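For reference, the structure discussed in these notes is given below.
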Amino acid sequence: MVKIKQNYVFVSAVFAALFIIFVASFAAAAVTIVSPITGFNATSRQLLFINITFVNLTDVVFNNDGADHLNITIYVNSSGTGGNFVQVANLSYNGTSFVQGLNNTGNLTIVNSTTNFAAWGYINISNTALFQDNWTMINVSITNWSATVESANNKTFKIDSTVPLINSANITSPVTLYNYSNANTGYLLLNVSIHDARGLSKIETVFFNITNSTGAQHNSTILYASNPAGEYWNISINTSAWADGRYNITVWANDTGGNLNNTGAVLNFILDNTGPTGSVSCTPNPVNQDDTATCTCSASDSVAGLNSTSITASPSTSNTGTYNSVCTAYDIAGNIVTITGTYTVEGVGSSTGGSSGGSGGSTTTTPTIAAGSTVSVTETQVSSGYSANFNENSKISVSIKPSGATVSEAHTVAVTAITTNKVTITISSDPITLDLSTGETKKVDINNDGTYDLSVKLNSIANGKADVTVKKISESIGAGETGAVSNGTTEDEGTPETGAEGTSSTTLWTIVGIIAVIILIGLIAYLMKAKKGRR
Numbered sequence: 412m413v414k415i416k417q418n419y420v421f422v423s424a425v426f427a428a429l430f431i432i433f434v435a436s437f438a439a440a441a442v443t444i445v446s447p448i449t450g451f452n453a454t455s456r457q458l459l460f461i462n463i464t465f466v467n468l469t470d471v472v473f474n475n476d477g478a479d480h481l482n483i484t485i486y487v488n489s490s491g492t493g494g495n496f497v498q499v500a501n502l503s504y505n506g507t508s509f510v511q512g513l514n515n516t517g518n519l520t521i522v523n524s525t526t527n528f529a530a531w532g533y534i535n536i537s538n539t540a541l542f543q544d545n546w547t548m549i550n551v552s553i554t555n556w557s558a559t560v561e562s563a564n565n566k567t568f569k570i571d572s573t574v575p576l577i578n579s580a581n582i583t584s585p586v587t588l589y590n591y592s593n594a595n596t597g598y599l600l601l602n603v604s605i606h607d608a609r610g611l612s613k614i615e616t617v618f619f620n621i622t623n624s625t626g627a628q629h630n631s632t633i634l635y636a637s638n639p640a641g642e643y644w645n646i647s648i649n650t651s652a653w654a655d656g657r658y659n660i661t662v663w664a665n666d667t668g669g670n671l672n673n674t675g676a677v678l679n680f681i682l683d684n685t686g687p688t689g690s691v692s693c694t695p696n697p698v699n700q701d702d703t704a705t706c707t708c709s710a711s712d713s714v715a716g717l718n719s720t721s722i723t724a725s726p727s728t729s730n731t732g733t734y735n736s737v738c739t740a741y742d743i744a745g746n747i748v749t750i751t752g753t754y755t756v757e758g759v760g761s762s763t764g765g766s767s768g769g770s771g772g773s774t775t776t777t778p779t780i781a782a783g784s785t786v787s788v789t790e791t792q793v794s795s796g797y798s799a800n801f802n803e804n805s806k807i808s809v810s811i812k813p814s815g816a817t818v819s820e821a822h823t824v825a826v827t828a829i830t831t832n833k834v835t836i837t838i839s840s841d842p843i844t845l846d847l848s849t850g851e852t853k854k855v856d857i858n859n860d861g862t863y864d865l866s867v868k869l870n871s872i873a874n875g876k877a878d879v880t881v882k883k884i885s886e887s888i889g890a891g892e893t894g895a896v897s898n899g900t901t902e903d904e905g906t907p908e909t910g911a912e913g914t915s916s917t918t919l920w921t922i923v924g925i926i927a928v929i930i931l932i933g934l935i936a937y938l939m940k941a942k943k944g945r946r
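Here the sequence shown is numbered in the working numbering, starting from 412 and rising by one per residue.
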């Protein structure tokens with residue numbers, strides 16, 4: 412029986428001890444920090460709201476005479492790790508009637524006749540030396556009139572008033588005062604690197620606000636960027652619908668702590684999707700074959716500005732015809748356009764000859780016609796006498812109206828063979844072939860109407876080229892003359908000139924005929940004389 416009583420006493424003692432521990436544990440946690448909650452992020456540098464409750468689990472007696480009181484003392488540790496707490500000196504408060512006053516040490520003096528109470532107030536966290544941007548631990552302690560700590564409680568929260576780090580140097584695209592165009596990629600990349608300087612918060616949202624040079628928002632559009640990796644935020648935009656001109660971009664970034672930075676900006680970059688404009692001109696135009704033509708390009712760009720032009724300044728003039736001269740123009744934004752002009756080559760080339768005299772003299776230029784080439788000339792040119800240096804198998808074409816004709820006819824004059832002192836010339840449509848010696852002129856009736864229509868003269872032969880003059884004439888064929896006709900190949904009578912090396916074929920045959928007649932007359936006279944002698 413004694414043993415049972417001893418066991419009962421032992422068990423009762425154990426339960427009593429556990430109850431005391433249980434009550435003591437609650438008493439130690441009697442003060443509760445309702446606000447701020449653990450992990451709270453304070454971004455304002457002004458007032459931090461503090462809300463506490465106190466449950467009097469111990470037998471603390473508060474007298475109404477003010478002699479007995481509780482002090483609520485608030486401490487802070489900016490490292491967030493506990494220890495080295497500093498008492499907060501600047502407090503403001505509000506609450507119920509038991510809140511009596513605030514002293515200079517940062518204590519809220521509570522006078523209360525009840526056992527439990529709640530109170531709230533503010534901590535001014537503008538003191539950056541005491542409240543740094545960091546994880547911060549706050550401690551609220553309750554002491555009684557005899558300075559015995561009745562209860563204390565800690566909460567850890569975050570102070571982050573630092574905005575994300577962003578400035579113009581972080582914006583890698585676009586670049587201030589740079590020029591952009593869809594000609595390169597078709598898209599404009601907006602790219603920025605942003606990070607939180609303290610590492611207390613994460614970057615939450617980044618967007619680009621685009622305005623034109625007048626400050627108006629472009630298309631009322633805010634472009635939200637994505638975060639492909641690390642600190643980089645970007646977006647690629649198609650600017651094909653944008654008007655050419657100057658734009659500004661402001662980057663807005665906020666972190667999870669609610670801090671916003673919109674000071675990073677790119678000012679006055681240029682969007683130019685229009686290429687340069689201009690023209691090409693060549694002088695002289697037309698140009699003689701093998702002469703020098705000079706082509707120039709005049710271009711401009713009203714948005715980004717002209718970068719450069721490229722053109723062949725001295726194009727080829729070796730062959731006759733009309734050709735394009737192409738200029739490539741580049742603007743500073745990267746747009747490229749081609750600008751085309753034309754030039755015409757007419758019997759091009761230069762062989763300087765002619766005469767000089769009088770006051771200062773004069774110089775004429777005889778064009779050269781390349782072998783196998785045909786140069787078109789006008790009836791006006793032939794009427795005044797058209798001269799050219801003909802290579803073998805080169806020709807001119809001309810439409811002329813022969814004497815007595817009512818319509819123009821197309822003809823060609825071709826040099827088909829050249830020797831050291833003679834050329835062969837064929838006049839078509841119905842071919843008439845002439846052989847000319849140096850200095851010799853022949854006339855041709857090209858439509859068989861008894862009138863010479865063209866004269867052809869071989870001026871000289873040099874370096875394998877025949878200097879020939881073709882002239883339109885209208886001369887009646889004289890009595891006794893046998894001119895060439897359009898359907899024959901009879902050579903026309905040439906007019907020998909002083910110093911000519913040959914005799915005309917007509918004169919030669921006349922002499923031969925006279926000699927034959929004389930021989931015939933002599934033979935007849937001889938035969939008649941012989942007959943008389945036999946009688």
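No residue lacks a Cβ here, since even glycine has one placed at the ideal position from N, Cα and C.
Owing to the predicted nature of the structure, the values given are computational and were not obtained by experimental measurement.
Could you give the distance in angstroms between the alpha-carbon of residue i and the alpha-carbon of residue j?
i, j, result
"Ile750", "Asn679", "30 angstroms"
"Gly689", "Ile829", "48 angstroms"
"Ser736", "Ser887", "49 angstroms"
"Asn684", "Ser592", "5 angstroms"
"Asp479", "Phe460", "Confidence in Asp479 is poor, its pLDDT being 48 and thus under 50, which makes the residue's placement unreliable; the coordinate value appears in the next sentence. About 27 angstroms."
"Ile553", "His606", "41 angstroms"
"Thr862", "Lys854", "10 angstroms"
"Ala781", "Ser805", "6 angstroms"
"Tyr937", "Gly924", "20 angstroms"
"Ser727", "Val788", "21 angstroms"
"Pro687", "Gly752", "15 angstroms"
"Ala927", "Gly933", "10 angstroms"
"Thr507", "Asp544", "Legend: pLDDT at Thr507 = 35, less than 50; position of this residue unreliable, no value from coordinates given."
"Val826", "Val834", "7 angstroms"
"Ile485", "Phe451", "17 angstroms"
"Ile929", "Lys940", "17 angstroms"
"Ser950", "Ile884", "This structure leaves residue 950 out entirely; the chain is present only between 412 and 946."
"Pro842", "Asn874", "27 angstroms"
"Gly732", "Leu847", "30 angstroms"
"Ala704", "Tyr658", "44 angstroms"
"Ser692", "Ala710", "11 angstroms"
I'd like to know whether the C-beta atoms of residue i and residue j end up nearer to each other than 8 angstroms.
i, j, result
"Asp402", "Thr785", "Here the chain covers residues 412 to 946 and nothing more, so residue 402 does not appear."
"Asn564", "Val442", "yes"
"Ile444", "Lys566", "yes"
"Asn696", "Thr755", "yes"
"Thr823", "Ser839", "yes"
"Ile743", "Asn623", "no"
"Cys708", "Thr720", "yes"
"Ser808", "Glu790", "no"
"Lys882", "Val793", "yes"
"Val662", "Phe619", "yes"
"Ile549", "Leu458", "no"
"Ile577", "Val677", "no"
"Asp701", "Ser729", "yes"
"Tyr598", "Asn649", "yes"
"Ile448", "Val551", "no"
"Val487", "Phe542", "yes"
Starting from residue i, trace the beta strand (DSSP E) in both directions and tell me its first and last residue.
i, result
"Val737", "Gly732 to Asp742"
"Thr880", "Lys876 to Ser887"
"Trp375", "The structure shown does not extend to residue 375, since the chain is modelled only from 412 to 946, so the question has no answer here."
"Asn718", "Leu717 to Ile722"
"Ser690", "Thr688 to Thr694"
"Tyr376", "Outside the displayed range of the chain (412 to 946) lies residue 376, so it cannot be described from this structure."
"Val445", "Val442 to Ser446"
"His822", "Glu820 to Ile829"
In the DSSP output, which residue or residues are listed as bridge partners for residue i?
i, result
"Leu634", "Phe619"
"Asp846", "Thr835"
"Phe680", "Tyr658"
"Leu459", "Ile534"
"Ile747", "Tyr741"
"Tyr598", "Asn649"
"Ser948", "With the chain covering only 412 through 946, there is no way to say anything about residue 948."
Considering only the alpha carbon of each residue, which of the options lies closest to residue i?
i, options, result
"Ala816", "Gly656, Thr852, Lys833 and Asn858", "Asn858"
"Tyr635", "Ile483, Glu615, Lys812 and Ser871", "Glu615"
"Glu892", "Asp856, Gly610, Asn602 and Thr880", "Asp856"
"Asp864", "Ile872, Pro813 and Lys833", "Pro813"
"Asn602", "Val818, Asn670, Asp571 and Ser647", "Ser647"
In the DSSP assignment, the alpha helix (DSSP H) including residue i goes from what residue to what residue?
i, result
"Glu790", "Glu790 to Ser794"
For the ligand FAD, is there any heavy atom lying closer than 7 angstroms to the beta carbon of residue i?
i, result
"Thr443", "The ligand FAD is not part of this structure, which contains no ligands at all."
Kindly say whether residue i, judged by its beta-carbon, lies nearer than 8 angstroms to any beta-carbon of chain C.
i, result
"Leu541", "No chain C is present in this structure, which holds just one protein chain."
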